[in-house]
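Undergrad:
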Amino acid sequence: MLRKYLSTRFVLTVLLFLSLIYAAFSVYYKITYWGFKFTPKQTSDVWTVEAHINFEPTGEPIKIFLTTPKSSEQFKVLEESVIAEGYTSKKIPSKDGVSAKMRISSPAKEGIQDVYYRVMLFDNVDAKGKTYASKPDAPEKPILDEQTEAVVKQISALAKKQDGNRVVQIIKLLNQVPADPVVQTFLPVKKTSKETMEAIRTILSYQGIPNRIVRGFKLEENRKSFAPDLMLEAYLDNKWMIYNIENAEKGLPDSFVLFQRGGESLIDIEGGQNSSVKFTVLKSVTSSLSLAGKRAKMTGHKSWFDYSIYNLPLSEQNTLKWLTIFPLAILVIVLIRNVVGLKTMGTFTPMLLSMSLIKTGFWPGLICFAVIIALGLTIRFVLSKLNLLLVPRISAVVIFVILIMQLLTVVGYQFKLEMALSAVFFPIIIMAWIIERASITWEEDGAANAGREIFYSLVAAIVTYFIISDEFIRHIMFAFNEINLVILCVVMLLGTYTGYRLTELKRFAPLVKEK
Amino acid sequence: MWNPLKCFVSPQSLRDAGVLGMNRRNFDVIAKYNNRRLYPLVDDKVQTKKLAQAADINTPKMIGVIEFQHEVKNFMSIVRDRKEFVIKPAHGSGGKGVLVITENRGSEFVQPSGKILTYHDVYKHISNILSGLYSLGGKYDVALIEELVHFSDIFKNYSYQGVPDVRVIVYKGFPAMAMTRLSTKVSGGRANLHQGAVGVGLDIKTGKSLKAVMYNQPIKLHPDTQADLSKIEVPNWREHLIIGAKAYEMTGLGYLGADIVLDADRGPMMLELNARPGLAIQIANGIGLVKRLEMIDKCFPQNLSAIERVDYVLKKADYMEGVL
Chain A
1 MLRKYLSTRF
11 VLTVLLFLSL
21 IYAAFSVYYK
31 ITYWGFKFTP
41 KQTSDVWTVE
51 AHINFEPTGE
61 PIKIFLTTPK
71 SSEQFKVLEE
81 SVIAEGYTSK
91 KIPSKDGVSA
101 KMRISSPAKE
111 GIQDVYYRVM
121 LFDNVDAKGK
131 TYASKPDAPE
141 KPILDEQTEA
151 VVKQISALAK
161 KQDGNRVVQI
171 IKLLNQVPAD
181 PVVQTFLPVK
191 KTSKETMEAI
201 RTILSYQGIP
211 NRIVRGFKLE
221 ENRKSFAPDL
231 MLEAYLDNKW
241 MIYNIENAEK
251 GLPDSFVLFQ
261 RGGESLIDIE
271 GGQNSSVKFT
281 VLKSVTSSLS
291 LAGKRAKMTG
301 HKSWFDYSIY
311 NLPLSEQNTL
321 KWLTIFPLAI
331 LVIVLIRNVV
341 GLKTMGTFTP
351 MLLSMSLIKT
361 GFWPGLICFA
371 VIIALGLTIR
381 FVLSKLNLLL
391 VPRISAVVIF
401 VILIMQLLTV
411 VGYQFKLEMA
421 LSAVFFPIII
431 MAWIIERASI
441 TWEEDGAANA
451 GREIFYSLVA
461 AIVTYFIISD
471 EFIRHIMFAF
481 NEINLVILCV
491 VMLLGTYTGY
501 RLTELKRFAP
511 LVKEK
Chain B
516 MWNPLKCFVS
526 PQSLRDAGVL
536 GMNRRNFDVI
546 AKYNNRRLYP
556 LVDDKVQTKK
566 LAQAADINTP
576 KMIGVIEFQH
586 EVKNFMSIVR
596 DRKEFVIKPA
606 HGSGGKGVLV
616 ITENRGSEFV
626 QPSGKILTYH
636 DVYKHISNIL
646 SGLYSLGGKY
656 DVALIEELVH
666 FSDIFKNYSY
676 QGVPDVRVIV
686 YKGFPAMAMT
696 RLSTKVSGGR
706 ANLHQGAVGV
716 GLDIKTGKSL
726 KAVMYNQPIK
736 LHPDTQADLS
746 KIEVPNWREH
756 LIIGAKAYEM
766 TGLGYLGADI
776 VLDADRGPMM
786 LELNARPGLA
796 IQIANGIGLV
806 KRLEMIDKCF
816 PQNLSAIERV
826 DYVLKKADYM
836 EGVL
């Protein structure tokens with residue numbers, strides 16, 4: 001008996017030791033050869049923008065022209081690459097010197113095609129303040145029918161009453177709420193940014209002000225699959241200036257990267273149809289991890305890198321970034337239950353709650369949770385009076401939770417309470433289960449015990465929340481994912497922990513005090 | 516100044532007192548000596564009862580079992596000749612779903628409180644049992660109909676509602692520790708210590724009370740009946756222990772808790788068994804379990820019959836106390 005018990009623990013200890021050695025080596029390797037860092041901040045101003053182009057080939061040779069960013073006054077292109085099997089790519093500089101084009105071509109292909117273009121950008125501190133300007137030609141006067149011309153003239157006159165320069169005046173007038181009747185004949189009330197852009201450009205061109213469209217992205221972490229943002233650039237008082245076409249703000253917003261200036265389209269595909277382009281933006285760790293591939297190549301450690309998670313497409317990396325933090329959360333729950341000795345509801349309910357808290361934000365999440373549980377428990381008590389059979393009863397609770405969530409979301413929207421909107425992020429089944437379980441405990445062991453169980457589960461969820469929401473910990477867990485293996489061994493070793501739980505030091509205190 | 520740390524004691528002092536903690540119970544005792552395959556034998560009261568009857572352990576006799584919804588209407592023929600009976604869920608816990616009938620009038624049934632139930636009331640109750648209303652996992656259950664126990668008057672003054680039972684912890688077939696749980700007004704007539712029931716530790720040799728606790732605090736008198744808890748002495752003590760010891764052979768579980776009630780006419784009867792008995796019994800006794808378990812491991816002879824084991828424990832009981 002003693003031998004068996006020793007050997008389990010012994011084997012697990014050896015495993016833990018081995019995993020520690022492996023992790024230490026791997027961390028060293030990643031830092032030395034791939035250039036990973038311990039702190040997320042050092043690389044936080046490196047961004048990766050990935051364009052995922054998807055289309056059906058028509059059977060002819062494929063040529064894709066994608067407009068790509070060039071180093072600008074704000075961002076410098078660190079590296080760009082095309083990931084597509086069987087395609088060749090070539091960079092074509094464009095005339096205006098701001099954007100460039102990438103030609104990606106291949107012989108005829110079959111089946112849906114996926115082409116990835118990846119560009120890494122970082123804050124170009126040296127170039128700040130230098131503006132790019134060359135005197136443009138006056139724009140071609142748009143050909144307008146009589147009626148439209150009259151409207152444009154009227155709008156130009158009306159715009160003079162607004163503040164700001166001529167461009168700002170026009171943007172403000174077109175965005176006025178409620179819209180001027182004259183403007184309404186020119187631009188629908190519910191306008192898309194594309195329509196607004198078109199209207200502004202028509203008026204500017206009519207007035208002889210050079211202008212062009214600017215496409216680009218506001219860099220925010222973990223933005224997934226969005227269309228490029230549109231901005232207007234107009235030449236006034238001998239310089240180009242960028243305008244936001246919704247609020248007439250001048251200048252480039254912070255962390256906005258230009259992809260393209262001028263009217264050329266973002267992408268042209270020859271030999272393909274039904275194309276779509278999705279963009280993903282990723283900040284910090286992953287960006288430096290993309291750098292790592294390059295580094296690995298230079299130092300001859302490429303093959304290892306190819307089989308690591310950092311070589312995956314960015315949207316997969318975003319998901320994995322989420323997953324690699326979980327083992328740590330699981331470890332926390334194991335510690336709370338088996339070493340501290342708090343009785344939580346179910347094993348992983350607190351973990352799922354903490355995940356929801358990440359999505360909802362801390363206080364809104366807690367308040368929503370409290371409201372859902374309180375309403376749910378009230379309803380469950382009415383249900384228990386009906387003495388329903390088990391499966392229909394639980395099903396009814398699930399449906400009630402869904403109804404409560406709908407109610408919260410609608411009420412929250414009406415009263416502009418954004419926190420109520422976060423209700424939808426809570427996992428329905430888990431909430432129903434908490435309610436069911438709490439009400440059973442309530443009936444069997446009294447309200448105090450039910451409340452205590454919910455409270456302990458919340459405590460565990462909050463502790464877990466603070467751990468998995470910490471940016472530094474998330475960075476470490478993703479960049480050095482071999483720690484997951486160490487955690488696995490620690491969790492298994494905790495499975496042999498036979499010492500007292502923290503709560504037992506209090507529970508069994510009477511047995512000691514008498515002595 | 517109030518010091519929250521004062522409620523805590525050091526792990527070392529608990530070790531010195533030989534307190535068995537939850538982790539150690541699960542890892543060193545239950546995982547080792549209780550094969551998970553055997554759990555259904557004690558979790559299902561029908562199986563427990565069949566085994567007990569086969570092993571000649573005194574237990575309320577099974578009158579019948581209703582397994583399927585279409586059999587529910589048969590219960591009238593099952594209880595036809597019975598004046599009194601109990602219907603309970605086979606997988607219930609904590610007394611949930613137990614229906615006691617003290618008088619069978621053919622078409623009406625009388626409960627101890629005097630409330631009269633119709634055929635339909637009982638029919639519905641059995642249907643609820645089958646649907647899993649009273650089994651915690653929500654699994655489909657079966658309804659067990661068994662004889663009514665006529666509780667001995669000995670405990671009458673010691674309990675507020677509810678029925679006191681004796682819990683014996685049996686380790687490798689040797690009775691190791693015992694207590695009785697007395698329900699109180701606070702506990703709502705239930706016998707769970709954490710709900711406020713009184714736990715009275717019983718001397719393993721004599722069945723006399725050692726000490727009594729409520730909410731972990733020592734008490735002298737029952738809070739509702741004011742009965743002197745130090746005067747408790749369980750009669751037929753040896754038979755209680757024998758029932759516990761026999762449960763070891765019956766189930767094969769190395770660590771089990773036997774719940775035993777005292778019938779006025781038929782003596783001690785086994786009500787149910789537990790494969791994961793709780794640790795509060797240590798507080799009720801004021802004694803840790805570890806040293807007793809270790810002593811049974813090291814010094815107690817193997818291959819004894821149940822009765823021999825009980826006699827061995829009774830003989831060595833002073834020695835067992837002395838260790839502590």
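Line by line, the protein sequences are chains A and B. The opening residue of the first sequence carries number 1 in our numbering; numbering runs sequentially from there. The opening residue of the second sequence carries number 516 in our numbering; numbering runs sequentially from there. For each residue, glycine too, the CB sits at the ideal point set by N, CA and C. Please read all numbers here as calculations on a predicted model, not as lab measurements.
Taking just the CA atoms, how far does residue 698/B sit from residue 712/B?
TA: Within the second sequence, the letter at position 197 stands for residue 712/B. Within the second sequence, the letter at position 183 stands for residue 698/B. Going from the Cα of residue 712/B to the Cα of residue 698/B covers about 5 Å.
Undergrad: Just checking: is the beta-carbon of residue 44/A within a distance shorter than 8 Å of some beta-carbon in chain B?
TA: Stepping through the first sequence from its first residue, residue 44/A is reached at position 44. Its pLDDT being 42, under 50, residue 44/A is placed unreliably in this model, and the value from its coordinates should be taken loosely. False, the Cβ-Cβ gap to chain B never drops below 8 Å.
Undergrad: Taking contact to mean at least 3 C-beta pairs separated by less than 8 Å, is the region 145 to 158 of chain A in contact with the region 197 to 215 of chain A?
TA: yes
Undergrad: Would you say residue 16/A lies against chain B (beta-carbon separation less than 8 Å)?
TA: Numbered from 1 along the first sequence, position 16 holds the residue referred to as residue 16/A. So no, residue 16/A is outside the interface.
Undergrad: Ends of the alpha helix (DSSP H) at residue 800/B?
TA: In the second sequence, counting from the first residue as 1, residue 800/B sits at position 285. 795 to 800 is the extent of the alpha helix (DSSP H) around residue 800/B.
Undergrad: Is residue 228/A closer than 8 Å to residue 215/A when the C-beta atoms are compared?
TA: For the purposes of this step, residue 215/A is identified with residue 215 of the first sequence, where counting begins at 1. For the purposes of this step, residue 228/A is identified with residue 228 of the first sequence, where counting begins at 1. Taking 8 Å as the Cβ cut-off, residue 215/A and residue 228/A qualify as a contacting pair.
Undergrad: Check the Cβ-Cβ distances between residue 501/A and every residue of chain B, and say whether any is below 8 Å.
TA: The residue labelled residue 501/A in the question sits at position 501 within the first sequence. Yes, contact with chain B.
Undergrad: Taking Cβ positions only, does residue 691/B come closer than 8 Å to chain A?
TA: Residue numbering aside, residue 691/B sits at position 176 when the second sequence is read from its first letter. False, the Cβ-Cβ gap to chain A never drops below 8 Å.
Undergrad: Under a Cβ-count criterion, where at least 16 other Cβ atoms within 10 Å of its own Cβ denotes burial, should residue 702/B be classed as buried or exposed?
TA: Counting from 1 along the second sequence, the entry for residue 702/B is found at position 187. It counts as buried.
Undergrad: If you run the structure through DSSP and keep just helix, strand and coil, what is residue 113/A?
TA: On the first sequence, position 113 is the one that residue 113/A refers to. Three-state result, residue 113/A: strand.
Undergrad: Which residues in chain A have a C-beta closer than 7 Å to the C-beta of residue 816/B? List them in chain order.
TA: Against the second sequence, residue 816/B aligns to sequence position 301. Here the premise fails: no neighbours, minimum Cβ distance about 17 Å.
Undergrad: Name the chain B residues that come within less than 7 Å of residue 390/A, Cβ to Cβ?
TA: Position 390 of the first sequence holds residue 390/A. Neighbours of residue 390/A on chain B, chain order: 646, 647, 648 and 653.
Undergrad: If you count every other CB in all the chains shown that lies within 10 Å of the CB of residue 18/A, and 16 or more means buried, which is it?
TA: Indexing the first sequence from 1 puts residue 18/A at position 18. Flag for residue 18/A reads exposed.
Undergrad: Identify the continuous beta strand (DSSP E) that holds residue 92/A and give its terminal residues.
TA: For the purposes of this step, residue 92/A is taken as the residue at position 92 of the first sequence. The continuous beta strand (DSSP E) containing residue 92/A extends over residues 88 to 93.
Undergrad: Since residue 666/B is in the alpha helix (DSSP H), which residue starts that stretch and which ends it?
TA: Sequence index remark: in the second sequence, residue 666/B carries index 151 (1-based). Run containing residue 666/B: none; DSSP gives neither H nor E here.
Undergrad: Please tell me whether residue 55/A and residue 274/A are closer than 8 Å, where the distance is taken between their beta carbons.
TA: Counting from 1 along the first sequence, the entry for residue 55/A is found at position 55. Counting from 1 along the first sequence, the entry for residue 274/A is found at position 274. The answer is yes: Cβ separation under 8 Å.
Undergrad: Residues of the region 793 to 815 of chain B in Cβ contact with chain A at a cutoff of 7 Å, in chain order, please.
TA: 797, 798, 801 and 803
Undergrad: Taking only beta carbons into account, state which residues of the region 529 to 545 of chain B come closer than 7 Å to chain A, listed in chain order.
TA: 529, 532, 534, 536, 537, 538, 539, 542 and 543
Undergrad: With distances taken from CA atoms, which of 801/B, 766/B and 661/B is nearest residue 558/B?
TA: In the second sequence, the residue the question calls residue 558/B occupies position 43. The shortest Cα separation from residue 558/B among 801/B, 766/B and 661/B belongs to 766/B.
Undergrad: Spell out whether any CB of chain B is found under 8 Å from the CB atom of residue 1/A.
TA: To locate residue 1/A, count along the first sequence from 1; it is residue 1. Confidence in residue 1/A is poor, its pLDDT being 49 and thus under 50, which makes the residue's placement unreliable; the coordinate value appears in the next sentence. Output row for residue 1/A: interface = yes.
Undergrad: Which chain A residues are close to residue 523/B, counting only those with a beta carbon under 9 Å from its beta carbon?
TA: On the second sequence, residue 523/B is found 8 positions in, with the first residue counted as 1. Those are 502, 505, 506 and 509, listed as they occur along chain A.
Undergrad: Assign residue 363/A to buried or exposed, taking buried as 16 or more other Cβ atoms, counted over all protein chains shown, within 10 Å of its Cβ.
TA: Working through the first sequence from its first residue, we reach residue 363/A at position 363. It counts as exposed.
Undergrad: Tell me the start and end of each unbroken beta strand (DSSP E) in the region 563 to 630 of chain B that is at least 3 residues and wholly inside, in chain order.
TA: 577 to 581, 600 to 604, 614 to 616 and 623 to 625
Undergrad: Do residue 779/B and residue 680/B count as a contact pair if the criterion is CB distance below 8 Å?
TA: Counted from its first residue, the second sequence places residue 680/B at position 165. Counted from its first residue, the second sequence places residue 779/B at position 264. In this structure, residue 779/B does not lie closer than 8 Å to residue 680/B by Cβ.
Undergrad: In the structure shown, what three-state DSSP assignment does residue 779/B receive?
TA: Numbered from its first residue, the second sequence carries residue 779/B at position 264. If DSSP states are grouped into helix, strand and coil, residue 779/B belongs with coil.
Undergrad: Roughly how many angstroms lie between the CA atoms of residue 516/B and residue 472/A, to the nearest whole one?
TA: Working through the second sequence from its first residue, we reach residue 516/B at position 1. Working through the first sequence from its first residue, we reach residue 472/A at position 472. Note that residue 516/B has pLDDT 48, beneath the 50 cutoff, so the model's placement of it is unreliable and no number is given.
Undergrad: Measure from the alpha carbon of residue 353/A to the alpha carbon of each residue in 497/A, 383/A, 458/A and 402/A, then state which is nearest.
TA: Counting from 1 along the first sequence, the entry for residue 353/A is found at position 353. Comparing Cα positions, the closest option is 458/A.
Undergrad: Can you find the residues in the same chain that come closer than 8 Å, C-beta to C-beta, to residue 182/A, ignoring five residues on each side of it along the sequence?
TA: Against the first sequence, residue 182/A aligns to sequence position 182. Taken in chain order, the residues that qualify are 151, 154, 155 and 158.
Undergrad: Nearest CA to the CA of residue 610/B: which residue from 834/B, 737/B, 683/B and 678/B?
TA: The residue labelled residue 610/B in the question sits at position 95 within the second sequence. Closest by alpha carbon: 678/B.
Undergrad: Does the Cβ-Cβ distance between residue 804/B and residue 691/B come in under 8 Å?
TA: Within the second sequence, the letter at position 289 stands for residue 804/B. Within the second sequence, the letter at position 176 stands for residue 691/B. Yes, the pair counts as a contact, with Cβ atoms nearer than the cut-off.
Undergrad: On the three-pair Cβ rule with 8 Å, is the region 815 to 828 of chain B touching the region 544 to 561 of chain B?
TA: no
Undergrad: Using the beta-carbon count (16 or more within 10 Å), is residue 736/B buried or exposed?
TA: Reading the second sequence from its first residue, position 221 is the one you call residue 736/B. Exposed: under 16 other Cβ atoms inside 10 Å.
Undergrad: Check each residue of the region 698 to 713 of chain B: if its Cβ is closer than 8 Å to any Cβ of chain A, include it; give the result in chain order.
TA: Taking 8 Å as the cut-off between beta carbons, the residues of the region 698 to 713 of chain B near chain A are 703, 707, 709 and 710, in sequence order.
Undergrad: Under a Cβ-count criterion, where at least 16 other Cβ atoms within 10 Å of its own Cβ denotes burial, should residue 22/A be classed as buried or exposed?
TA: Start at 1 with the first residue of the first sequence, and residue 22/A comes out as number 22. It is exposed - the Cβ of residue 22/A has fewer than 16 other Cβ atoms within 10 Å.
Undergrad: Pick out whichever of 660/B, 613/B and 635/B has its Cα sitting closest to the Cα of residue 705/B.
TA: As a working mapping, residue 705/B is identified with position 190 in the second sequence. The residue with the shortest Cα to Cα distance from residue 705/B is 613/B.
Undergrad: Thinking just about the alpha-carbon of each residue, which of 775/B, 763/B, 769/B and 539/B is nearest to the one in residue 751/B?
TA: Position 236 of the second sequence, counting from 1, holds the residue named residue 751/B. Scanning 775/B, 763/B, 769/B and 539/B for the CA closest to the CA of residue 751/B turns up 775/B.
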